[in-house]
Structures are given as structure tokens and as C-alpha cells.
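Down below is the structure, laid out as C-alpha cells.
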Amino acid sequence: AAGVIQSPRHLIKEKRETATLKCYPIPRHDTVYWYQQGPGQDPQFLISFYEKMQSDKGSIPDRFSAQQFSDYHSELNMSSLELGDSALYFCASSRMGPVNSPLHFGNGTRLTVT
Amino acid sequence: SQQGEEDPQALSIQEGENATMNCSYKTSINNLQWYRQNSGRGLVHLILIRSNEREKHSGRLRVTLDTSKKSSSLLITASRAADTASYFCATDAHAGNMLTFGGGTRLMVKP
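Protein sequences, first through last, are from chains L and U.
Numbers -9 to 104, taken from our numbering, label the letters of the first sequence in order.
Numbers 332 to 442, taken from our numbering, label the letters of the second sequence in order.
Spelled out as C-alpha cells, the structure:
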């Protein structure tokens, strides 16, 4: 079965550079979530989209922005990168329904800021 | 963690033993989910228990939920070396399905 696809798998950037992470949800999933996981930390919710509209916002810095496109893929744009942005960035998708459904996670993008 | 703590933070057991992990949360919830994460990989959904349920089983997994104590436990019976991973509980307090994860328990099952 198709899973959530994230690209790139690894990314190395320097401070103050920009980065764009991409996420392709499972077909027919209408909701996309972005999480950030620092080393040894639990995943922290950043932002989510339902039917291409932002639905929830978590601890996403102002330097980051995200959107969901007409084909339901999503991109997380990160600017003015800082050392502390080094983390695993996960995208997850689900299909919204009357009972909250499990999230399906991609394998993440490991961002290293030097 | 913004939502709660997992207990223990790390657990090491022998193959065949049972592993119990606990999770506490702070706010009222619609449901609680448990996820597994292998090192550096994505999280995999294990089981979901609704706020009006007290216990749920799935294969070797047993989850309990005590909403009065705002706590949940995950029991893995007859553990296997392949169960070695980090286990997270996650709760949602919104209809939008935004999940808040707990701190995770690192489980090591020795063969």
C-alpha cells in the first residue's frame, strides 16, 4: 500500500539559509500534519491542513510557513535557518471522519543546520 | 512534553517478558493513541482507544485508559527483540485530530 512520501530524506543547510521540505500524503487522505522532532525529544506539532486550508497551528516559528496544494501535497518552507532547527521533520496524513482516524507518518526529513 | 509524561523513560527486558509503559496527560481528550517509532524512522500507529473505552486489545497489545486519572498504559505481552523501539502515547483534545505526543518510552528487548 502507498505510504506518505517525504523528500528529501536528508538535508544539510547553513545558518540563515532556506529549506523546503515536501510531503506527498496517502491517496484520498485529505489532511496533512507537520511535526518536528529534536534529538531524544517527542514529536512537536507544527501545523496541519485540511482540504488545502490551514486547520490547526502549533509551535511553528514565524520563520516557517507551509501550504497544501491542489494535488494535496504539502510543502514546509523554512527561512533564516538556525542551529536549533536541526531535527527530524515528519509529515503525516489522515482521512478526516466522524471519529478521529490514526495518522500515517512518512519516514521524515532529517535537517542538519551547520 | 506539553501534554504529559511517559513512564518509564527507558525499559530493558528479556525476550518473552511483558513490557508495560504508562502515559499521563493533562487535558480532556477525545481519544488516546499509541505509536511506535524505530530509531530515526517515522511513527507507526499501534492502537486507538476512545475516551469512553476502558480497555482495548490488538494482538499482543493491551491498552487501558483511566480518564479519571488521565492516564493510560500499554502492555506488550511475550515481547520479541523486534519490539525494540520507542513508544509514544498521543492525545487529541480537538475535533481537528491534532495530536499531542508524550515523551516516549525507549524499550529494549534483549534476545
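Beta carbons are placed, not taken as given, at the ideal position from N, Cα and C, and that holds for glycine.
Does the distance from the C-beta atom of residue i to that of residue j stay below 8 Å?
{"i": "Arg18 of chain L", "j": "Arg85 of chain L", "result": "yes"}
{"i": "Arg391 of chain U", "j": "Ala409 of chain U", "result": "yes"}
{"i": "Leu396 of chain U", "j": "Arg385 of chain U", "result": "yes"}
{"i": "Leu36 of chain L", "j": "Phe59 of chain L", "result": "no"}
{"i": "Pro92 of chain L", "j": "Leu406 of chain U", "result": "no"}
Taking 7 Å as the limit between beta carbons, can you name the residues of its chain near residue i, skipping five residues before and five after?
{"i": "Gly371 of chain U", "result": "none"}
{"i": "Asp423 of chain U", "result": "Ile360, Asn361, Asn362, Met429 and Leu430"}
Where do the N-terminal and C-terminal ends of the beta strand (DSSP E) with residue i fall, by residue?
{"i": "Tyr25 of chain L", "result": "Thr21 to Gln27"}
{"i": "Gln(-4) of chain L", "result": "Ile(-5) to Ser(-3)"}
{"i": "Ala77 of chain L", "result": "Ala77 to Ser84"}
{"i": "Ile321 of chain U", "result": "No answer is possible for residue 321 of chain U: the residues shown for chain U start at 332 and end at 442."}
Should residue i go down as buried or exposed, given a rule of 16 or more other Cβ atoms within 10 Å for buried?
{"i": "Ala(-8) of chain L", "result": "exposed"}
{"i": "Arg367 of chain U", "result": "buried"}
{"i": "Ala413 of chain U", "result": "exposed"}
{"i": "Leu73 of chain L", "result": "exposed"}
{"i": "Glu4 of chain L", "result": "exposed"}
{"i": "Pro29 of chain L", "result": "exposed"}
{"i": "Ala56 of chain L", "result": "buried"}
{"i": "His94 of chain L", "result": "buried"}
{"i": "Ala481 of chain U", "result": "The structure shown does not extend to residue 481 of chain U, since chain U is modelled only from 332 through 442, so no value can be given for it."}
In chain order, what residues of the same chain have a beta carbon less than 6 Å from the beta carbon of residue i, not counting five sequence neighbours either side?
{"i": "His0 of chain L", "result": "Arg100"}
{"i": "Lys42 of chain L", "result": "Gln58"}
Hey, would you say the C-beta of residue i is under 7 Å away from at least one heavy atom of the ligand ADP?
{"i": "Ile(-5) of chain L", "result": "Absent from the structure shown: the ligand ADP. Ligands present: none."}
task = Check whether the stretch 66 to 83 of chain L touches the stretch 341 to 357 of chain U, taking contact to mean three or more Cβ pairs, one atom from each stretch, closer than 8 Å.
result = no
task = Check whether the stretch 53 to 70 of chain L touches the stretch 11 to 28 of chain L, counting contact only when three or more Cβ pairs, one atom from each stretch, lie closer than 8 Å.
result = yes
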